[in-house]
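Residue numbers (my numbering), protein chains in the order written: chain A, 1 to 316; chain B, 1 to 172.
Glycine included, C-beta positions come from ideal geometry on N, C-alpha and C.
Let me begin by presenting the structure, written as structure tokens, before commenting on it.
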């Protein structure tokens with residue numbers, strides 16, 4: 001007699017039972033339990049239903065829920081994958097790519113240095129253009145003939161306040177011609193004058209003097225160069241003159257050299273002197289430490305004295 | 001053979017259900033024959049048959065009803081699986097336990113169905129208890145009758161065949 005049973009947990013078991021003996025063969029190969037298979041099937045079917053429902057239902061944003069959830073999940077995966085590959089690319093670029101970085105760095109440094117030099121050249125050109133423009137404006141506004149000149153050298157002797165300009169007798173420059181700048185009086189040409197160069201004595205030199213007048217109260221005096229700071233002083237001004245700090249001092253023209261009305265400087269200190277004259281310190285209008293471009297008044301000294309007799313209204 | 005029988009039962013339930021849609025109590029359909037068929041299959045053949053029958057029957061019913069396809073399938077799948085599982089664990093051969101299964105299954109189905117729709121439509125959950133319990137009782141009665149018919153049917157046919165043979169052998 002043959003008996004066979006199909007068990008849920010095992011594949012098959014059968015036994016042969018003849019009268020004399022019994023043989024039972026049991027296959028113990030384990031299979032997936034029935035309940036587990038049922039649970040898996042149940043889960044799969046329920047998930048399928050949920051997906052079907054999600055495909056039909058729209059979220060508040062008007063997008064199907066399935067699409068929204070899928071996109072959200074996959075966007076995270078995509079972000080992770082992109083970050084991963086970006087990291088690999090970064091490692092490659094930061095390691096393998098660095099092999100040529102040093103040479104490239106040196107080359108770039110040289111280029112930067114060259115560019116900086118060119119930049120400075122351009123800045124200098126731009127600044128010079130601006131100064132020349134100012135000088136041109138000044139030249140256009142003055143009634144006396146002038147010629148532009150460039151300061152090409154200072155005085156090797158620190159005790160003397162003179163500079164050298166690149167205009168000379170070939171340009172019509174003569175000794176005792178006034179030299180001016182946009183901000184005010186600079187000095188005068190002192191001889192001898194070369195063909196293409198001339199020496200200019202600055203008004204702040206100890207031996208220089210300029211006929212000066214206070215623009216406000218019209219008190220006259222003489223602006224002279226002094227040692228110290230400020231490097232200008234005004235002498236021969238009566239103690240009775242009402243000159244105060246801040247007053248503008250201009251050329252009076254009585255010296256026959258400097259054009260009348262041109263700015264010399266500003267009173268920085270004014271006090272009564274021990275004798276008849278006030279002690280006045282004047283800050284020059286021109287910055288002599290940065291003097292680069294000037295105008296030479298092409299009028300001999302004698303003619304300047306004649307111009308100074310003209311009324312001030314004509315200057316305006 | 002069993003599969004064909006289940007499919008025929010589901011198809012028949014669907015056809016009858018469409019005929020009885022006008023039968024309502026308190027505004028809700030008084031009977032859900034597809035659910036009765038699913039619970040019957042689950043009790044008779046186990047949880048796998050129950051969940052597959054619930055899935056198929058629910059999806060078809062949703063497609064015919066025109067709403068969101070899958071909600072009825074989800075609910076009937078859940079009921080079919082749970083009823084089949086309980087039926088395999090407990091002895092459900094008598095009418096009363098079967099009736100309790102039908103009633104419980106209907107209530108669970110209705111709860112799940114209403115909850116899913118509330119979730120999908122983003123509204124508050126509402127459970128029409130009176131209509132649900134009424135449907136549950138009616139489903140239970142129909143389910144018991146179905147069991148009686150199916151279980152008694154072959155025996156009755158056999159007895160009628162045997163009586164016919166006996167009569168034909170008598171000689172007057």
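Between the alpha carbons of residue 107/B and residue 75/A lies a gap of roughly 40 Å. DSSP places residue 48/B in the helix class (H, G or I) of the three-state scheme. At the C-beta level, residue 247/A and residue 289/A stay beyond 8 Å of one another. Of the candidates 173/A, 182/A, 299/A, 268/A, the residue whose Cα lies closest to the Cα of residue 244/A is 268/A. No Cβ-Cβ contact shorter than 8 Å links residue 172/A with residue 195/A. Under the three-state reduction of DSSP, residue 79/B is assigned to helix. Residue pairing by DSSP leaves residue 83/A without any beta bridge partner. With contacts defined as CB atoms closer than 8 Å, residue 99/B and residue 140/B qualify as a contacting pair. For residue 56/A, the chain B residues whose C-beta falls within less than 8 Å of its own C-beta are 68, 69, 70, listed in chain order. Put simply, the CB of residue 77/B is near chain A, with a gap under 8 Å to one of its CB atoms.
If you draw a 10 Å sphere on the C-beta of residue 219/A, you find 16 or more other C-beta atoms in it, and that means buried. Counting C-beta atoms within 10 angstroms of its own C-beta, residue 110/B has 16 or more neighbours from the protein chains shown and is therefore classed as buried. Interface residue (Cβ-Cβ distance to chain A less than 8 Å): residue 48/B is classified as such.
If one requires a minimum length of 4 residues, no alpha helix (DSSP H) run lies completely within the segment 247 to 304 of chain A. Taking residue 272/A as reference, the option from 291/A, 234/A, 264/A with the minimal CA-CA separation is 234/A.
Among the residues facing chain A, residue 125/B is not included, as its CB has no counterpart in that chain under 8 Å away. Within the segment 79 to 100 of chain B, contact with chain A at the beta-carbon level (separation under 7 Å) is assigned to 81.
Contact check between the segment 100 to 114 of chain A and the segment 275 to 282 of chain A: fewer than three CB pairs, one atom from each, fall below 8 Å, which does not count as touching. A direct Cα-to-Cα measurement between residue 163/A and residue 292/A gives close to 10 Å.
When the alpha-carbon of residue 228/A is set against those of 204/A, 78/A, 106/A, 187/A, the nearest one is in 204/A. For residue 174/A and residue 300/A, the gap between their C-alpha atoms comes out near 7 Å. What residue 73/B touches in chain A, judged by beta-carbon distance under 8 Å, is 49, 52, going in chain order. Here the segment 63 to 72 of chain B does not lie against the segment 40 to 53 of chain B, with fewer than 3 beta-carbon pairs under 8 Å apart. Assignment of residue 164/A by DSSP, reduced to helix, strand and coil, places it in the strand class.
With a 10 Å radius around the Cβ and a threshold of 16 neighbouring Cβ atoms, residue 107/A comes out exposed.
The Cβ of residue 96/A sits no closer than 8 Å to any Cβ of chain B. Residue pairing from DSSP places residue 200/A in a beta bridge opposite 163/A, 189/A. Taking all protein chains shown into account, residue 40/B has 16 or more neighbouring C-beta atoms within 10 Å of its C-beta and is therefore buried. Burial check for residue 19/B: the Cβ neighbour count within 10 Å stays below 16, so the residue is exposed.
Of the candidates 34/B, 37/B, 33/B, 47/B, 47/B places its Cα closest to the Cα of residue 37/A. Classified as exposed, residue 143/A has fewer than 16 neighbouring CB atoms from the shown chains inside 10 Å of its CB. Out of 66/B, 58/B, 1/B, the CA that lies nearest to the CA of residue 45/B is found in 1/B. Note on residue 85/B: 16 or more other CB atoms within 10 angstroms of its CB, so buried under the neighbour-count rule.
Non-local beta-carbon contacts of residue 161/A in its own chain, meaning distances under 6 Å to residues more than five positions away in sequence, involve 202, 204, 205 in chain order. DSSP places residue 121/A within a helical segment (H, G or I) once states are collapsed to three.
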